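Engineer: Below: one structure in structure tokens.
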Amino acid sequence: MHPGEIPAVRSALRGVVAGLLHLAFPTPCHVCRRPLDLSRRSALCGDCWDALERMPPAGCDRCGWPFPAPGAAGGTDRPLCQRCRETRDEFALARAALRYRDGRVARAAILLCKHGGRLGLLRHLSALLAQEAPADLMLRGWDAVVPVPLHWRRRWRRGFNQAEVLARAVGRRHGLPVERRCLARVRATPPQQGDAPARRRNVRGAFVVRRAERIAGRRLLLVDDVFTTGATANACAAVLLDAGATAVGVLTLARVE
0 MHPGEIPAVR SALRGVVAGL LHLAFPTPCH VCRRPLDLSR RSALCGDCWD
50 ALERMPPAGC DRCGWPFPAP GAAGGTDRPL CQRCRETRDE FALARAALRY
100 RDGRVARAAI LLCKHGGRLG LLRHLSALLA QEAPADLMLR GWDAVVPVPL
150 HWRRRWRRGF NQAEVLARAV GRRHGLPVER RCLARVRATP PQQGDAPARR
200 RNVRGAFVVR RAERIAGRRL LLVDDVFTTG ATANACAAVL LDAGATAVGV
250 LTLARVE
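If you want it as structure tokens, here you go:
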């Protein structure tokens, strides 16, 4: 055998061994636990991947809620949903890639990432977010990406910040720097629950800007896993704007319906 052929042979042998191991101990889909097709190189089977519900085109100009929706108004050029007509948001606009609903694959997958330590699955979802981030958000001329931070104790327990993994994928895909140390969570808040006022109270005073020089005069894209009422996004956007950011947009993997 020619020495130059050895790497190719080794690669082929590794492929054979991997295939045999998969036959003996098939890797399951993270959500439904059915065996994965080895050729997919994915954390989800084809059925679960196809069952990830994409968000329809934005209807509400600010939060991206799809129309037809109850109470849509505001004219044909810049319509707002009822939520946005009744809420003073700090962010300029918010968009999401997936719909987050009880009993659906997106919700199950995101909860597995956050509470089950499925970092491999999170990386696949991060690539999806980076690829399918709505164009009407991404074409707004952002200067940097900012992940929503976790409190240090929660990050230590989890081993990673899911928003940071998402933000890095978005930054790579769109050529934007990721500012992961300019925003900090200084109060260990309980998991968000309840209605919008309760969620706003829960995160009040929870975030501070650590490096204002990285914020001033820049348009920032805030990245998180799930948008529910907008309480967390607004709390983060408020301190970023106070530190001198000129605008804050929000991109999340999923939006609660």
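Using numbering that gives the first Met the number 0, read the sequence shown as starting at 0 and increasing by one per residue.
C-beta: ideal position from N, C-alpha, C; glycine also.
Quick caveat: nothing in here was measured; it's all calculated off a predicted structure.
Is there contact between the stretch 204-214 and the stretch 225-238, where contact requires at least three CB pairs shorter than 8 Å?
Structural biologist: Yes, the stretch 204-214 touches the stretch 225-238.
Engineer: Keeping to the same chain, check which residues put their C-beta closer than 7 Å to that of Gly-243; ignore five residues upstream and five downstream.
Structural biologist: The residues are Ala-211, Ile-214, Ala-215 and Gly-216.
Engineer: What are the boundary residues of the alpha helix (DSSP H) that Thr-231 is part of?
Structural biologist: Its alpha helix (DSSP H) spans residues 230-241.
Engineer: For Gly-45, does the three-state DSSP call read helix, strand or coil?
Structural biologist: Three-state result, Gly-45: helix.
Engineer: Is Leu-121 helix, strand or coil when you go by DSSP?
Structural biologist: Leu-121 falls in the helix class under three-state DSSP.
Engineer: Report yes if the CB atom of Ala-162 is closer than 8 Å to the CB atom of Asp-88, and no otherwise.
Structural biologist: Not a contact, by the Cβ cut-off of 8 Å.
Engineer: Put Gly-248 into one of helix, strand or coil per three-state DSSP.
Structural biologist: Strand.
Engineer: Extract the residue ranges of the alpha helix (DSSP H) inside the stretch 120-168, only unbroken runs of 4 or more that lie entirely within it.
Structural biologist: List check, alpha helix (DSSP H) in window: 134-137 and 151-157.
Engineer: Do Arg-98 and Leu-131 count as a contact pair if the criterion is CB distance below 8 Å?
Structural biologist: Note that residue 131 is Glu in the sequence shown here, rather than Leu. Not in contact: Glu-131 and Arg-98 (Cβ atoms no closer than 8 Å).
Engineer: From this set, Ala-187, Arg-200 and Leu-219, which residue's C-alpha is nearest Ala-166's C-alpha?
Structural biologist: Of the listed residues, the one whose Cα sits closest to Ala-166 is Leu-219.
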